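Residues 1103 to 1502 (the working numbering) are what the sequence shown spells out, left to right. Glycine is no exception: its CB is placed at the ideal position from the N, C-alpha and C atoms. All values derive from a computational prediction rather than experimental measurement. Only one structure is covered here, and it is reproduced in the block below.
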Amino acid sequence: MSLDSKLNIYLNRSSTKKSKSNAVKLQPPRMGYIRSTSLGDIWVVDWEYERGYLHGKTELEYVENIHEFIDPKLTRFNPAMATVLDTETTGLAGGTGTYAFIMGAGFWRDDKFIVRQYMMRDFNEEPAQLTALTEDFTGSVITYNGKCFDIPLLTNRFRLHRFDSPFEKADHLDMLFPSRRIWKHRLPGFKLTAMECNVLGYARDGDIPSHLIPSIFFDYLQSHNEELLYPILHHNRDDILSLYMLACIASKTVSDCFEIGSNDDAVLLSLAEAYFNQGNYESAIGLIDKIKFEFASKDIAKQASRIKALSYKKTGDWERAAQAFSGMNDIEPEIFSAIELAKLYEHKMKDPVRALEIVKQAESLLELLDYMGIDTAKTRQELDHRKNRLRSKVSRLLHI
1103 MSLDSKLNIY LNRSSTKKSK SNAVKLQPPR MGYIRSTSLG DIWVVDWEYE
1153 RGYLHGKTEL EYVENIHEFI DPKLTRFNPA MATVLDTETT GLAGGTGTYA
1203 FIMGAGFWRD DKFIVRQYMM RDFNEEPAQL TALTEDFTGS VITYNGKCFD
1253 IPLLTNRFRL HRFDSPFEKA DHLDMLFPSR RIWKHRLPGF KLTAMECNVL
1303 GYARDGDIPS HLIPSIFFDY LQSHNEELLY PILHHNRDDI LSLYMLACIA
1353 SKTVSDCFEI GSNDDAVLLS LAEAYFNQGN YESAIGLIDK IKFEFASKDI
1403 AKQASRIKAL SYKKTGDWER AAQAFSGMND IEPEIFSAIE LAKLYEHKMK
1453 DPVRALEIVK QAESLLELLD YMGIDTAKTR QELDHRKNRL RSKVSRLLHI
């Protein structure tokens, strides 16, 4: 049975029960407390953490700024003044039938990091839940894939109740995107649980699988046994702690790469590639120069040399570009670097003789690729055209 079907069955049963006896009487929670708002009561659970709390191998710190690389549009973003937001929902569809039955928020108060969870015990408590979250919202927000899911979902819930959304004009740092840019060449996946394990050194013990969370909530609606929700509360709490610490460690990782260097060549390559794509070629070159090529893997060395060579080419430093492309060939001969070298010697360094020599070397590589069964017809055609043009240039030089 689908979650939508379960929801419809529950709502029908719930309306029948309430028509007979006004409302279901809910017992005071054993965990957390009841908070009164102008629109009713809501169940709230708080977790408090001191500075220095160890989450895996990472200490909880009060961090007031982030490196501009994390989000160039949020150069003055203050993580210590932000609300770290994560929701647990009745599904992933994101439509009007999807509820956030737990809204988890993390923020600093009185030198402590508070994880506060607003729990919906029944669907009629959503207005109070949204009100309580709004009252505690700090004005800016940190999420993980929240731009695609959490914030649109919550904005929709606010609109359904004709409330103003506190997130509409808030600065929003979504850590999924900078995480991909920083650890692109190091990590195989970017789920938050994978990030906290590989970056923060935190491994969850007995964590509830995400796909079971909606069904457990519907079971809770039938019994109102709050113990059913405890594993989800722990899951949500860990998400919020990991997310705040990930924002801090990501910023520190980038800063360290520029200021003191890094032993992680994969991270240096990821950052250099990101700066290259942004057109910041000087920063890309500076990061590549910090890579220890003698210890780096062949794949990282090749990609780093490629970015460095293309960066020099973009800045018009033809000599250094040629050196970098030659370095690529030293690591492992390939067609791309040979053709780029031929272009430089022909058009920028005005040395058609050297360019022709490189083209002939590239032809030898093509023969190897042909032997391996790789289609080289298009490349061979381009190379033949270049070779004929270079022969004409060399011939003219010899007859001057």
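* Where does V1369 fall in DSSP's three states? -> helix
* Candidates E1421, I1168, A1195 and F1427: which alpha carbon is nearest F1507's? -> Because the chain spans 1103 through 1502 in this model, residue 1507 falls outside it and cannot be assessed.
* Could you give the DSSP three-state label for V1186: helix, strand or coil? => strand
* N- and C-terminal bounds of the beta strand (DSSP E) containing L1275 -> D1273 to D1276
* Pair within 7 angstroms by beta-carbon distance, L1187 and A1207 -> yes
* **Segment contact, 8 angstroms Cβ cut-off, at least three pairs: the segment 1412–1426 with the segment 1393–1401** => no
* If you run the structure through DSSP and keep just helix, strand and coil, what is Y1135? -> strand
* For L1458 and A1444, the rounded distance between their alpha carbons -> 7 angstroms
* Would you give the residue range spanned by the alpha helix (DSSP H) that R1488 belongs to? => A1479 to L1500
* Asked: Three or more beta-carbon pairs under 8 angstroms between the segment 1400–1409 and the segment 1446–1454, yes or no?
  -> no
* Only counting runs of 4 or more residues, tell me where the alpha helix (DSSP H) segments fall wholly within the segment 1173–1241, in order along the chain. => 1228–1238
* To do: Could you tell me which uninterrupted alpha helix (DSSP H) segments, each at least 4 residues in length, are contained entirely in the segment 1367–1413, listed from first to last along the chain?
  => 1367–1380 and 1383–1390
* Tell me, to the nearest whole angstrom, how far the beta carbon of L1270 is from that of I1216; I am working on the premise that it is less than 8 angstroms. => Correcting the residue type first, residue 1270 is Glu in the shown sequence and not Leu. At roughly 24 angstroms, the Cβ-Cβ gap does not stay under 8 angstroms, so E1270 and I1216 are not in contact.
* To do: Put A1125 into one of helix, strand or coil per three-state DSSP.
  => Note that A1125 scores a pLDDT of 46, beneath 50, so its modelled location is shaky; the value from the coordinates is reported in the next line. If DSSP states are grouped into helix, strand and coil, A1125 belongs with coil.
* Pair every Cβ in the segment 1349–1357 with every Cβ in the segment 1165–1176, then say whether three or more of these pairs are closer than 8 angstroms. => yes
* Asked: F1292 and R1283: beta carbons closer than 7 angstroms?
  -> no
* To do: Below 8 angstroms on the Cβ atoms is my guess for W1210 versus A1230; work out the distance and round it to an integer in Å.
  => About 24 angstroms separates the two Cβ atoms, so there is no contact after all.
* **Where G1429 sits in the DSSP three-state scheme** => helix
* To do: Please classify S1144: does DSSP put it in a helix, a strand, or coil?
  => It is worth fixing the name first, because residue 1144 is Ile in this sequence and not Ser. I1144 falls in the strand class under three-state DSSP.
* Whole angstroms is fine: what's the gap from A1464's alpha carbon to Q1425's? => 17 angstroms
* Reference A1386, options S1413, L1255, F1260 and M1205, closest by Cα -> S1413
* Going along the chain, which residues of its own chain have a beta-carbon closer than 6 angstroms to the beta-carbon of V1356, five neighbours each way excluded? -> H1169 and F1171
* **Identified DSSP bridge partners for V1243** => T1185 and H1274
* Identity of the residues DSSP links to H1157 by a beta bridge -> T1160
* Could you pull out every residue in the same chain whose Cβ sits closer than 6 angstroms to the Cβ of G1303, ignoring the five residues on either side in sequence? => G1158 and K1159
* Asked: Is the segment 1460–1475 touching the segment 1424–1442 in the sense that three or more CB pairs, one from each, lie closer than 8 angstroms?
  -> yes
* **Cβ-based neighbour list, T1200, same chain, cut-off 7 angstroms, excluding 5 preceding and 5 following** => T1191, T1192, G1193 and L1255
* Asked: So L1330 and D1341 are in contact, right, with Cβ under 8 angstroms, and what is the actual spacing, rounded?
  -> Not confirmed; about 19 angstroms, so no contact.
* Evaluate Y1135 with the Cβ neighbour count: other Cβ atoms within 10 Å of its Cβ, from every protein chain shown; 16 or more gives buried, anything less gives exposed. => exposed
* In the structure shown, what three-state DSSP assignment does Y1304 receive? -> coil
* By Cβ distance below 6 angstroms, which residues in the same chain neighbour D1173 in space, the five residues on each side in sequence not counted? -> L1275
* Asked: What is the DSSP secondary structure of E1150, reduced to helix, strand or coil?
  -> strand
* Whose C-alpha, out of G1197, P1290 and R1218, is nearest the C-alpha of L1262? -> G1197
* For S1317, name the three-state secondary structure that DSSP assigns. => helix
* Asked: Going by the CB atoms, is the gap between I1144 and A1234 shorter than 7 angstroms?
  -> yes
* Can you tell which of V1301, H1336, R1137 and D1486 has the C-alpha that lies nearest to the C-alpha of E1237? -> R1137
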